[in-house]
Amino acid sequence: MVFALRLALGAVAGIVVGLLIGGLTVTWKLGLPLNSGDPLILLTGFPGWPEVTDAPWSTGWLIVVVSTAAFAAFALLLSVTARLTEYGQAHFQSRAEMKRNGLLKPLGAGLVFGKLGTPSSRKPFVAAEFAKFPHCLVVAPTRAGKGVGYVIPNTLLFPGSAVILDVKGEIFEATARHRQAQGDRVFRFAPFDFENATHRYNPLERVARIENPEQRYTELAKIADYFLTVSDKGTASDFLMEGRELFVAAGLLAIERGRPTLGEVSRILFAKGATQSEYAAHAEEVRHGAARNTFRKFAGYSDRTLSSHASVLGGAGMSLWNNPAVDRATSANDIAFGTLRKLPQTIYVAVNADDIRTLSPLIRLFFGELIATLRGSLPDPKAEPWPVMILLDEFDQLGPMPIVEQALKQLAGHGARVSIITQSIPGLDNIYGENVRLSLESAAGMKLYLSPNEKKTAQEVSDALGKTTKLATSDSYARDASLLTRRSLSRRMEERPLMSADEVKKLDANIAILIPERQQPLRVRRIVYYEDAVFRAIYAAQAGPLPYPVRQDPEVAILRAEVAALRLSVTAGAKGVVAFRSGDADGIAAEVVDGVAVRLEVSEEGGQMQNAAEVIARMRAFDEAISAGQ
């Protein structure tokens, strides 16, 4: 484009000069006075086409042609010389380039990243279709506007299911009623919210329904990998490898006991101490062969070694289940990841900023299992039409989640749209190292930077923006032999960053930098949803109370656990519970348990517990019938 412009300017200059010189030549040839002649006589005195080929008109126009060609050639020469001295060509995309590159799509077509004007303006939003940029890495320090400028706008707009790590609970308050009004079933998993109820999440409930013992073992091993981690790569890491094996064995025993919860796993591992006698007793109790072998192996270790194993396993994440609030929040399951692509749902994992590190094992497990479930199968276009948006805020504070880096490139094909939000580049490097962080950036495709004020992050932005070529001028003065001052002016092309790290750090807080994969960068305005007419209208349309979970009656919560235990006992004949000998008794037992479960679900779905007394009475009668039959 620059080359064509220079060529055009050269040609125009040649025409103007040619007309002037050619006009003077014609004036002189015609014997007219030069000082009073018309300099544009070639145009004003044009004789017409038959006569233009006669002298002196032909001479004048020949001068115009030669002048045009000469100036164009000179411009061409300058362009070639200039191109030889140019370096980088990085630049911020113009509006035309954005449109050509598919970055000005309508709201709702994909993730929205920014705006071309102020919040109150009618300028277009910067948004790309999910097929082009399904994922995004957002780097924004505290109070940089990531919530009001990215998380809330995309949560309000996303057309499918959404799973959001909601730090401080602000996203739930700003978007939950809208999501519910759009037809989503809303869940709020908040283990440390002591004022409101929480939905529950129990990954072992799904595993307990698996009948194949080898598959059950494998699923428990995956769960251990999702959340049990240590930062030390030495002895602690070696202990954790065996610790995960012990976790699997304890999980299998908890399932056989009819209490498939992580709280029960914790009690098996820690309640009576990590001693040889305890592990020997577990080996005698458990029926699963691999679990029995694991317990026997640990029963042969010294108490000192067992204490080290218990310490590492607790520090890797299991000690969190000593907290009764976490035990309660994971004692049953209200959330089914396998249905997210079938029915629109929104799940808010609400946690205070101060509690992130404490709850990080549970959060890693939650999102690890979510990603594994989505990656486990391709969506059926008819039965599973809904995409799933995953928003991982404070990603660098959750500890290592290898499954995110491993699965990110594949998840788009499985219907997932992932946004990773971190405060700084060093935060990611501390957890994953530079190579894995670069892999995450590459898999994300789009990078959004808001107020990058940290040194390494600013340098990362500067490097990613690329280099451009600028004309540098130097002005110098020197005295010659006659003591006169002479001025020397020189110009040269220099390569420099499109923005230096210092310039990046001083960016206006309302400016966002976007770096899309294989495209020039963008400099746009960040969104402020409560000042923007479009988003303000969506937000203001919300009405009614926030959809908090209904607080459960404690008696009914206990009853649900008993129903789950009896269901397992009836189907598997676990130790400690009567095993019916006749087929008819099996059928009656299963029918009663199913009836209790159905009545319980009906009472809970209605949001009231008026049927609880009837259900509890029937359950207690069933217990007495079992006891009488022993």
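Residues 35 to 664 (our numbering) are what the sequence shown spells out, left to right. The C-beta atom is built at its ideal place from N, Cα and C for all residues, glycine as well. Please read all numbers here as calculations on a predicted model, not as lab measurements.
- prompt: Where do the ends of the alpha helix (DSSP H) carrying L499 lie?
  reply: As a first step, residue 499 is located in the sequence shown; it is residue number 465 there, counting from the start. Looking at the DSSP string, the run of the alpha helix (DSSP H) that includes L499 is 489-499.
query: From R326, P187, F223, A498, pick the residue whose C-alpha is nearest to that of G203; which is it?
result: Start at 1 with the first residue of the sequence shown, and residue 203 comes out as number 169. The residue with the shortest Cα to Cα distance from G203 is F223.
- request: Flag A571 as yes if its beta-carbon sits less than 8 Å from any beta-carbon of chain D, otherwise no.
  value: The chain inventory of the structure shown lacks chain D, comprising one protein chain alone.
task: Please state if the CB of L171 and the CB of P158 are separated by a distance shorter than 8 Å.
output: By 1-based counting over the sequence shown, the position of residue 158 is 124. By 1-based counting over the sequence shown, the position of residue 171 is 137. Cβ atoms of P158 and L171: not closer than 8 Å.
- request: Spatial neighbours of G402 within its chain, please: CB distance less than 7 Å, with the 5 preceding and 5 following residues excluded, ordered by chain position.
  value: Along the sequence shown, one-based indexing puts residue 402 at 368. Y260, F261, M435, I437, listed in sequence order.
message: How far does the beta strand (DSSP E) with H5 in it extend, from its first residue to its last?
response: Nothing can be reported for residue 5: it is not among the residues displayed for the chain, which extend from 35 to 664.
- request: Count the other C-beta atoms from every protein chain shown that fall within 10 angstroms of the C-beta of A42, then say buried if there are 16 or more, exposed otherwise.
  value: In the sequence shown, residue 42 corresponds to position 8, counting from 1. Its Cβ having fewer than 16 others within 10 Å, A42 is exposed.
- request: Could you pull out every residue in the same chain whose Cβ sits closer than 6 Å to the Cβ of I549, ignoring the five residues on either side in sequence?
  value: One-based indexing of the sequence shown puts residue 549 at position 515. Only K481, A498, P555 meet the Cβ criterion.
Span of the alpha helix (DSSP H), counted from its first residue to its last, around F147: On the sequence shown, residue 147 is found 113 positions in, with the first residue counted as 1. Here F147 belongs to no alpha helix (DSSP H); instead the beta strand (DSSP E) covers 146-149.
message: Please classify V632 as buried or exposed, where buried requires at least 16 neighbouring CB atoms within 10 angstroms.
response: The sequence position of residue 632 within the sequence shown is 598, counting from 1. No answer about V632 holds up, because its pLDDT of 47 lies below 50 and its placement is not dependable.
field: Euclidean distance between Cα positions of N135 and T380
entry: Taking the first residue of the sequence shown as 1, we reach residue 135 at position 101. Taking the first residue of the sequence shown as 1, we reach residue 380 at position 346. So the alpha carbons of these two residues sit roughly 31 Å apart.
query: Which two residues bound the contiguous beta strand (DSSP E) that contains K481?
result: Along the sequence shown, read from residue 1 onward, the residue named residue 481 stands at position 447. First-last of the beta strand (DSSP E) with K481: 479-484.
query: Hey, how far is the Cα of L347 from the Cα of G307?
result: Walking along the sequence shown from the start, residue 347 turns up at place 313. Walking along the sequence shown from the start, residue 307 turns up at place 273. When rounded, the distance between both Cα atoms is 13 Å.
- prompt: So D259 is in the alpha helix (DSSP H); what residue range does that whole segment cover?
  reply: One-based indexing of the sequence shown puts residue 259 at position 225. Counting along the chain, the alpha helix (DSSP H) containing D259 begins and ends at 247-261.
- request: Please determine, among R326, D361, Q123, E494, the residue with the shortest C-alpha to C-alpha distance to E529.
  value: Residue numbering aside, residue 529 sits at position 495 when the sequence shown is read from its first letter. Comparing Cα-Cα distances from E529 to each of R326, D361, Q123, E494, the minimum goes to Q123.
- request: Taking E551 and G479 to be in contact with their CB atoms under 8 Å, please state how far apart those CB atoms are, rounded to whole angstroms.
  value: The count along the sequence shown starts at 1 and reaches residue 551 at position 517. The count along the sequence shown starts at 1 and reaches residue 479 at position 445. Rounded, the Cβ-Cβ distance is 5 Å, consistent with contact.
task: Examine the Cβ distances between the region 359-378 and the region 418-432 and report whether three or more of them are shorter than 8 Å.
output: yes
field: Limits of the alpha helix (DSSP H) - the one that T328 falls within
entry: What you label residue 328 is simply residue 294 of the sequence shown in a count that begins at 1. That run of the alpha helix (DSSP H) goes 323-333.
Where Y313 falls: helix, strand or coil (DSSP): Your numbering for residue 313 matches position 279 in the sequence shown. Note: Y313 maps to helix in three-state DSSP.
Rounded straight-line distance, which links the Cα of P67 to that of E99: Stepping through the sequence shown from its first residue, residue 99 is reached at position 65. Stepping through the sequence shown from its first residue, residue 67 is reached at position 33. In the sequence as displayed, the identity of residue 99 is Val instead of Glu. Taking the straight line from one Cα to the other gives about 25 Å.
task: Can you say whether Q249 is buried or exposed, counting buried as having 16 or more other CB atoms within 10 angstroms of its CB?
output: Locating residue 249 in the sequence shown gives position 215, counting from the first residue. Burial call: exposed.
field: Of the listed residues S496, Q553, L296, nearest to P531 (C-alpha basis)
entry: What you label residue 531 is simply residue 497 of the sequence shown in a count that begins at 1. The shortest C-alpha separation from P531 is found at S496.
- request: Look at A161 and L190 and say whether their C-beta atoms are less than 8 Å apart.
  value: Taking the first residue of the sequence shown as position 1, residue 161 is located at position 127. Taking the first residue of the sequence shown as position 1, residue 190 is located at position 156. No; because the gap between Cβ atoms is not below 8 Å, this pair is not in contact.
- request: Could you have a look at T364 and say whether DSSP puts it in helix, strand or coil?
  value: Here residue 364 refers to the residue found at position 330 when the sequence shown is read from its first residue. In this structure, T364 counts as coil in the three-state DSSP scheme.
Close-in-space but distant-in-sequence residues of the same chain around E625 (CB under 6 Å, 5 per side omitted): Counting from one through the sequence shown, the residue named residue 625 turns up at place 591. Legend: pLDDT at E625 = 48, less than 50; position of this residue unreliable, no value from coordinates given.
task: Look at the alpha carbon of R219 and the alpha carbon of L425, and state the distance between them as a whole number of angstroms.
output: Within the sequence shown, residue 219 is the residue found at index 185, counting from 1. Within the sequence shown, residue 425 is the residue found at index 391, counting from 1. So the two alpha carbons sit approximately 18 Å from each other.
task: Could you check the C-alpha separation between V385 and R362 for me, to the nearest Å?
output: To locate residue 385, count along the sequence shown from 1; it is residue 351. To locate residue 362, count along the sequence shown from 1; it is residue 328. Using only the alpha carbons, I get a separation of about 16 Å.
- request: Assuming V320 contacts L287 (C-beta within less than 8 Å), just tell me the rounded distance between them.
  value: The sequence position of residue 320 within the sequence shown is 286, counting from 1. The sequence position of residue 287 within the sequence shown is 253, counting from 1. Going by Cβ atoms, the distance from V320 to L287 rounds to 5 Å, so yes, they are a contact pair.
query: Are the beta-carbon atoms belonging to Q310 and A333 less than 8 Å from one another?
result: Taking the sequence shown and counting its residues from 1, the one referred to as residue 310 is at position 276. Taking the sequence shown and counting its residues from 1, the one referred to as residue 333 is at position 299. Yes, the pair counts as a contact, with Cβ atoms nearer than the cut-off.
task: Could you say if the region 555-572 and the region 180-187 meet the contact criterion of at least three C-beta pairs nearer than 8 Å?
output: yes
- request: Look at the alpha carbon of S336 and the alpha carbon of G277, and state the distance between them as a whole number of angstroms.
  value: Within the sequence shown, the letter at position 302 stands for residue 336. Within the sequence shown, the letter at position 243 stands for residue 277. Approximately 15 Å, taken between the alpha carbons.
message: Would V282 and A350 be called neighbours here (beta carbons separated by less than 8 Å)?
response: If you number the sequence shown from 1, residue 282 lands on position 248. If you number the sequence shown from 1, residue 350 lands on position 316. In this structure, A350 does not lie closer than 8 Å to V282 by Cβ.
query: Taking the C-alpha atoms as reference points, what is the distance between E207 and N356?
result: Here the question's residue 207 lines up with position 173 in the sequence shown. Here the question's residue 356 lines up with position 322 in the sequence shown. Those two C-alpha atoms are separated by around 30 Å.
task: Return the bridge partner residues of P550 from the DSSP annotation.
output: Position 516 of the sequence shown, counted from the start, is the residue given in the question as residue 550. M480, per the DSSP bridge assignment.
message: Nearest by alpha-carbon distance to M533: which of R557, A543, Q553 is it?
response: Position 499 of the sequence shown, counted from the first residue, corresponds to residue 533. For M533, the nearest C-alpha among the options comes from R557.
message: Once DSSP output is grouped into helix, strand and coil, what is the label at D542?
response: Here residue 542 refers to the residue found at position 508 when the sequence shown is read from its first residue. D542 falls in the coil class under three-state DSSP.
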